[in-house]
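For the first sequence, my numbering begins at 991 and goes up steadily by one.
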Amino acid sequence: MKIVTWNVNSVNVRLPNILKYLTEYQPDILCLQELKCLENKYPIAELKEAGYRTIQSCQKTYNGVSIISKSLGKNIDYNPVYLDKDEKRSIAATYNDIRVINFYVVNGQSIDSDKYLYKLRWLKKAEKYIKEQLKLYPKLVVVGDFNIIPNESDAYEYSPDNILCSLKERKALQQIFNLGLIDCFSPNDGESPYTWWDYRGGAFHRDIGYRIDLMLSSNNLYKQVSNYQVHKNTRHKSWCEKQPKTSDHAPVMIEC
DNA sequence: ATGGCCACCGAGGGTGGA
């Protein structure tokens, strides 16, 4: 089963790219973040025409997550992790015997911001939810935009004073790993590990990026995880003729 | 070159992203 996570930065602007991705890579599960639309604007019909089902947790303007899949998901949790119930940053469902949890973690803005404390509180809630889920579903994968750089080697430039790599954020992520999850990342020869590049300053071209889109597997599932890939080609303007504007994130895939 | 911010809302510039 191919599982993908992709922060698309607006599901409607990126719809041509998403449809091309589904045709080209045929994922079984595609987890999206930053839909940036309400349910009535979410492209259910277009995805159905492409042969995919979808479940989504939508919010106007900000956030929003969905799971697009070939088969029907079971035991769906709509937005199980929240501090403010109007913020839609989480969704989970089971496909065959695999529990898929899709998160869009709070960005946090800067470490002296209130949003930073909010991020740490959100992560604590996420940890609690994952812990409960692991008891119910031994084969589990947590995917999404974590907005945390796990290791120094995952950043072009690393500073512990900066958001995304501060000590408290990394500790919060470590607490989640400590539940018994394994980072599915696997290096590709001659390639940086990054999944996000700033739109500004030619960052993609210069390969100035971060790895913040993660796939974390339970021990039970990890035995069958293979073929970790970052599809950087989706960042090329020429990749999708219908929509040359790309997301600032690349899709990350595993097979299991 | 695989390039030089983008998307949202709302009607223009402010805000958030990372």
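Cβ coordinates follow ideal geometry from the N, Cα and C atoms, glycine included.
Fair warning: this is a prediction, and the values are worked out from it, not measured in the lab.
Segment contact: the stretch 1118-1128 against the stretch 1196-1205, fewer than three CB-CB distances shorter than 8 Å; contact not assigned. The Cβ neighbour count for D1135, taken over all protein chains shown within 10 Å, is at least 16; the residue is labelled buried. The shortest CA-to-CA distance from S1080 to any of V1132, V1001 and Y1015 is the one to V1132.
The continuous beta strand (DSSP E) containing D1173 extends over residues L1171 to D1173. With 16 or more other CB atoms across the displayed protein chains lying within 10 angstroms of its CB, F1093 is buried. According to the DSSP assignment, L1110 belongs to the alpha helix (DSSP H) that extends over D1104 to L1126. Per the coordinates, the alpha-carbon of A1083 lies some 4 Å from the alpha-carbon of I1066.
At the C-beta level, I1019 and L1037 stay beyond 8 Å of one another.
In the DSSP assignment, G1134 is bridged to F1093 and L1204. Non-local C-beta neighbours of I1101 in its own chain, meaning closer than 7 Å and more than five positions away in sequence, comprise D1151, I1153 and S1156, ordered along the chain. Just so you know, the alpha carbons of Q1049 and P1241 end up roughly 22 Å apart.
Taking 4 residues as the minimum length, the alpha helix (DSSP H) runs contained wholly in the stretch 995-1024 are 1005-1015, in order along the chain. Straight through space, the alpha carbons of L1110 and K1158 are spaced by roughly 8 Å.
Under the three-state reduction of DSSP output, S1143 falls in the helix class. Here I1091 is actually not in contact with I1139; their C-beta atoms are around 20 Å apart, not less than 8 Å.
Distances from the alpha-carbon of S1208 to those of Q1123, P1070 and H1221 put Q1123 closest.
In the DSSP annotation of this structure, R1079 is not part of any alpha helix (DSSP H), being labelled neither H nor E.
For Q1214, there is no enclosing beta strand (DSSP E), as DSSP marks it with neither H nor E.
Taking a C-beta distance under 8 Å as the contact criterion, M1205 and I1244 qualify as a contact pair. Between the C-alpha atoms of V1220 and Y1015 there is a straight-line separation of about 12 Å. Put simply, the backbone Cα of S1056 is about 24 Å away from that of H1226.
Put simply, the backbone Cα of R1043 is about 19 Å away from that of K1078. Residue environment: S1103 is assigned as exposed (fewer than 16 neighbouring CB atoms within 10 Å of its CB, all protein chains considered). When the Cα atoms are used, W1186 and G1192 turn out to be separated by approximately 13 Å. Pairing N1223 with S1237, the inter-Cα distance amounts to about 11 Å.
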